[in-house]
Amino acid sequence: MYMRVLIRCDGYGAIGLGHVVRCLVLARALRRAGAEVLFALRESQPGVLLVEQDSFAYQNAARLSDAQGGASWLLRLAQERQAEVVILDVRDDLPSACLEELKKRSVLIVTLDDPSERRLLADLAFYPPVPQVRTMDWRSFQGELHTGWEWVLLQERFRNLPPRRERHNEIPRLLLTFGGSDPAGLTLFALDLLEEIACPFEPWLVLGKAFCHSEALAKKLARSRRDYRILQDVQDMAAVMAEADLALAAGGGTGYELAAVGVPAMHIALTEDHFLACRELEKAGMAICLGLWPEIQKQIEPVQETIQTWLVDAQKRAAARQRGRTLLDGYGAERMAQAIQTYFQQRRPEINEPS
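Add 419 to a position in the sequence shown, counting from 1, and you land on the number used in the working numbering.
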């Protein structure tokens, strides 16, 4: 079905690239279904580069004309492009009044993993299986709420994966990955943590396109007693993950990817939301939540003990390996695109009239 869709998200060094990456997964599913998709991004680099690589049109406002999350810019853009669906994946101060104005124009509003009051004005709200959704006040919400493992947005490479072969490496391979830009410097912290691990392991370090600590990392690698294999701007993360026995990673979307591949992972959560999401992965038997980043820095030794335990215990890793493969099939984007189409077609007939 033809729909004009506007996706508002951001991706740059200070916040990482996760929002743009998952919005691109959804955008591709919508494009395959016949939608016309336009991206609206606040900053110029590097999120725009990802959008360009996927051949999507975009509008960029490096300096917004108002302080309210670019509300006037977004409204103007939606009107100029005659957007019929607006998808929001932002963590800025975009006010609810902006969504109210979009609703007056009969624009279908979709929010992704939104903890703010904006979610109450959405027609469709999507969330991974995180406990905070259950504690939010939804009494004034009149749209459709979708939450669960089946709505997790994973790139196409994470679907139809071959059966995970059992690894029996004498020296376990540890994958380190901390997002597209790693604004908090978790990569540097991880190298310090691992210097004190006594057992042998093979470290593979993945650096994202926007990694912003190159100089400091080079100094640490030069002093390290371990030999790191460096992988930068990886195009097929599923294939790289499939080669790992264990991972040390940031919380967020990477956790779902690792679980889908069948790699037990130890997660450092940067935010409270990420912490709660990591705990859900842990409860499902797919991962280990090491804790919140500020707290981890105060309890280095227990964290190192946990890492070493998982490195030396192959049976513990094997037990966690299959859980993610059973809960995450990689088709969340298709389900989401279908839900948007269905709502657009059946429940909002007024926006299907020819322009």
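By construction, the Cβ of each residue, glycine as well, lies at the ideal position given by its N, Cα and C atoms.
Quick caveat: nothing in here was measured; it's all calculated off a predicted structure.
Bounds of the alpha helix (DSSP H) holding Leu607 are Leu605 to Glu614. DSSP places Ile649 within a strand segment (E or B) once states are collapsed to three.
For the 7 Å CB-CB criterion, Leu746 and Trp570 do not form a contact.
When DSSP states are grouped into helix, strand and coil, Ile434 belongs to the coil group. In the three-state reduction of the DSSP assignment, Gly704 falls in the coil class, being assigned neither a helical nor a strand state.
For Ala541 against Thr530, the beta-carbon gap comes to about 4 Å, under 8 Å, which counts as contact. The beta carbon of Val659 sits closer than 8 Å to those of Leu594, Trp623, Val625, Leu650 and Val653, all from its chain and outside the five residues before and after it, given in chain order. Pairing Gln741 with Arg576, the inter-Cα distance amounts to about 18 Å. Within the model, the alpha-carbon separation for Gly671 versus Leu580 is close to 21 Å. About 7 Å separates the Cβ atoms of Arg744 and Ala679, confirming a contact at the 8 Å cut-off.
Buried is the label assigned to Arg537, since at least 16 other Cβ atoms lie within 10 Å of its Cβ.
Glu676 and Gly598 have their C-alpha atoms some 12 Å from each other. Excluding the 5 residues flanking it on each side, Leu640 has same chain C-beta neighbours closer than 7 Å at Tyr647, in chain order. DSSP, reduced to helix, strand and coil, places His632 outside both helices and strands of the structure shown, so it counts as coil. The beta-carbon separation of Gln727 and Ala617, rounded to 7 Å, stays under the 8 Å limit for a contact. Per DSSP, Met755 lies in no beta strand (DSSP E) segment; the continuous alpha helix (DSSP H) that holds it begins and ends at Gly751 to Thr761. When DSSP states are grouped into helix, strand and coil, Ile687 belongs to the strand group. In this structure, Ile687 lies near Leu605, with their beta-carbon atoms less than 7 Å apart. At the C-beta level, Glu621 and Arg642 stay beyond 7 Å of one another. Boundaries of the beta strand (DSSP E) harbouring Pro622: Glu621 to Leu626, taken from the DSSP string.
A direct Cα-to-Cα measurement between Pro721 and Ala733 gives close to 20 Å.
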